[in-house]
Amino acid sequence: MTLTIGTRGSMLATTQAGHVRDALIAAGYPAELTIISTPGDRSQAPVERIGVGVFTQALREALHDGDCDIAVHSFKDLPTNPDPRFHLVVPPRADAREALIARDNHTLDTLPHGARVGTSAPRRISQLLALRPDLDIQPLRGNIDTRMGRVGQDLDAVILACAGLERVGMLDRATQCFDPHIIMPAPAQGALAVECRSDDARAVAAIDFLADPDTTVRATAERTLLSCLEAGCTAPVAAFADIRAGRLGLRAGVFALDGSRQLIHSAMSDVSEAAELGERVARELLAQGASDVMRS
Numbered sequence: 001m002t003l004t005i006g007t008r009g010s011m012l013a014t015t016q017a018g019h020v021r022d023a024l025i026a027a028g029y030p031a032e033l034t035i036i037s038t039p040g041d042r043s044q045a046p047v048e049r050i051g052v053g054v055f056t057q058a059l060r061e062a063l064h065d066g067d068c069d070i071a072v073h074s075f076k077d078l079p080t081n082p083d084p085r086f087h088l089v090v091p092p093r094a095d096a097r098e099a100l101i102a103r104d105n106h107t108l109d110t111l112p113h114g115a116r117v118g119t120s121a122p123r124r125i126s127q128l129l130a131l132r133p134d135l136d137i138q139p140l141r142g143n144i145d146t147r148m149g150r151v152g153q154d155l156d157a158v159i160l161a162c163a164g165l166e167r168v169g170m171l172d173r174a175t176q177c178f179d180p181h182i183i184m185p186a187p188a189q190g191a192l193a194v195e196c197r198s199d200d201a202r203a204v205a206a207i208d209f210l211a212d213p214d215t216t217v218r219a220t221a222e223r224t225l226l227s228c229l230e231a232g233c234t235a236p237v238a239a240f241a242d243i244r245a246g247r248l249g250l251r252a253g254v255f256a257l258d259g260s261r262q263l264i265h266s267a268m269s270d271v272s273e274a275a276e277l278g279e280r281v282a283r284e285l286l287a288q289g290a291s292d293v294m295r296s
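Note that full-length UniProt numbering has the sequence shown beginning at 1, numbered continuously upward.
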């Protein structure tokens with residue numbers, strides 16, 4: 001029996017889901033894609049206006065209703081509260097960094113004064129303005145081609161995730177990829193979440209094959225932090241976890257939208273304590289006034 005994989009219809013979404021399909025087929029599980037339309041795909045409003053989880057709710061409902069057997073999400077788009085209806089695994093993570101795509105091969109430092117840079121993510125806006133308060137930030141929605149197509153037209157540059165560019169074979173278009181210590185990514189950026197119904201034993205067995213322990217640990221720390229800050233995926237919160245010499249490190253920050261204030265904290269733990277690490281870093285940020293910074 002062929003497993004059906006629900007996905008949004010964009011080039012990036014179908015490419016991501018296609019990688020999952022191919023991995024399942026290679027493991028002996030026949031699989032095919034089915035396109036699920038979501039309200040977020042039909043709207044050009046900023047994500048912070050149309051709501052957290054807008055890209056994932058329709059996929060989850062289609063999965064629950066039996067319209068597909070498996071759903072593939074960008075993990076950073078999922079609400080942080082677990083949904084007991086579904087079994088979730090995290091495959092190996094792609095490049096978590098942020099990328100600048102700019103005209104004339106510019107980097108962030110060489111963009112002219114007042115350059116028009118496209119992004120609608122509050123987390124990106126706040127960090128860009130902290131580094132370059134002179135920038136003219138413009139709203140940006142659409143698929144990867146649409147966003148990059150505005151560079152050299154009405155925009156001097158756009159900010160996109162390296163992971164998306166990497167997955168569609170366009171990472172070479174980036175004129176700068178930012179070290180996470182310079183511009184931090186969204187919690188779980190670059191990671192996929194693959195879900196099936198909890199009571200579907202065959203699908204559970206199939207997607208368990210995809211799970212990557214290191215990516216799961218890193219995403220757990222980052223998303224636990226986000227949950228403890230009571231911030232959604234569109235909040236000006238950034239985090240990046242990595243594993244070095246068997247230890248898990250987490251660096252996270254919260255930012256004022258205008259770039260005027262930021263709080264950053266780092267800590268380390270055993271790999272087995274990912275959730276505890278996320279909680280600890282969140283508590284420290286809250287103690288420093290994170291709630292006020294995020295509201296400013």
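Just so it is clear, CB atoms sit at the ideal spot from N, CA and C, and this is done for glycine as well. Computed from a predicted model, the values in this text were never measured in an experiment.
- Looking at Leu160, Thr175 and Leu286, the one whose alpha-carbon comes closest to that of Gln189 is Leu160.
- A check of alpha carbon separations from Gly246 across Thr224, Ser269, Gly259 and Arg60 identifies Ser269 as the nearest.
- Judged by DSSP secondary structure, Gln127 falls within the alpha helix (DSSP H) whose first and last residues are Pro122 to Leu131.
- Classified as buried, Pro91 has 16 or more neighbouring CB atoms from the shown chains inside 10 Å of its CB.
- A residue is called buried when at least 16 other Cβ atoms come within 10 angstroms of its Cβ; Pro30 does not meet this threshold and is exposed.
- Around the beta carbon of Thr146, fewer than 16 other beta carbons sit within 10 angstroms, so the residue counts as exposed.
- Per the Cβ contact rule, the stretch 151-158 is in contact with the stretch 111-126 (3 or more Cβ pairs under 8 angstroms).
- Taking C-alpha positions only, Ala17 is separated from Asp104 by approximately 33 angstroms.
- Leu277 and Ala186 have their C-alpha atoms some 17 angstroms from each other.
- Excluding residues up to 5 positions away in sequence, Gly259 lie with their Cβ nearer than 7 angstroms to the Cβ of Pro133 in the same chain.
- Val271 is a Cβ neighbour of Leu248, given a cutoff of 7 angstroms.
- Within the DSSP secondary-structure output, Ile5 pairs in a beta bridge with Leu33 and Ile70.
- Ranking Ile183, Ile70, Glu98 and Cys177 by CA distance to the CA of Glu32 puts Ile70 first.
- If only uninterrupted alpha helix (DSSP H) runs of at least 4 residues are considered, those enclosed by the stretch 191-227 are 201-208.
- Here DSSP, grouped into helix, strand and coil, assigns Gly18 to helix.
- Assignment of Asp156 by DSSP, reduced to helix, strand and coil, places it in the coil class.
- Looking at the backbone, the Cα of Thr14 and that of Arg93 are separated by about 17 angstroms.
- Between the alpha carbons of Pro236 and Gln138 lies a gap of roughly 16 angstroms.
- DSSP, read as helix, strand or coil, puts Glu230 in coil.
- DSSP places Asp104 in no beta strand (DSSP E); its state is neither H nor E.
- In the displayed model, His113 falls within coil according to three-state DSSP, outside both helix and strand.
- By a beta-carbon distance limit of 8 angstroms, Phe255 does not contact Arg97. Their separation comes to about 17 angstroms.
- Residues His73, Phe75, Leu78, Leu88 and Val90 of the same chain have their beta carbon placed closer than 7 angstroms to that of Ala193, with the five preceding and five following residues left out of the count.
- By the neighbour-count criterion, in which 16 or more other beta carbons inside 10 Å mark a residue as buried, Ala252 falls on the buried side.
- Counting the other CB atoms within 10 Å of its CB gives Gly6 a total of 16 or more, which places it among the buried residues.
- Within the DSSP bridge table, the entry for Gly253 names Ala238 and Ile264 as partners.
- DSSP lists Leu248 as the bridge partner or partners of Ser269.
- Where Asp172 is concerned, there is no enclosing beta strand (DSSP E), because DSSP gives it neither an H nor an E.
- Between Thr34 and the set Leu12, Gln57, Leu286 and Arg8, the nearest pair of CA atoms involves Arg8.
- Judged by DSSP in its simplified three-state form, Ile243 adopts strand.
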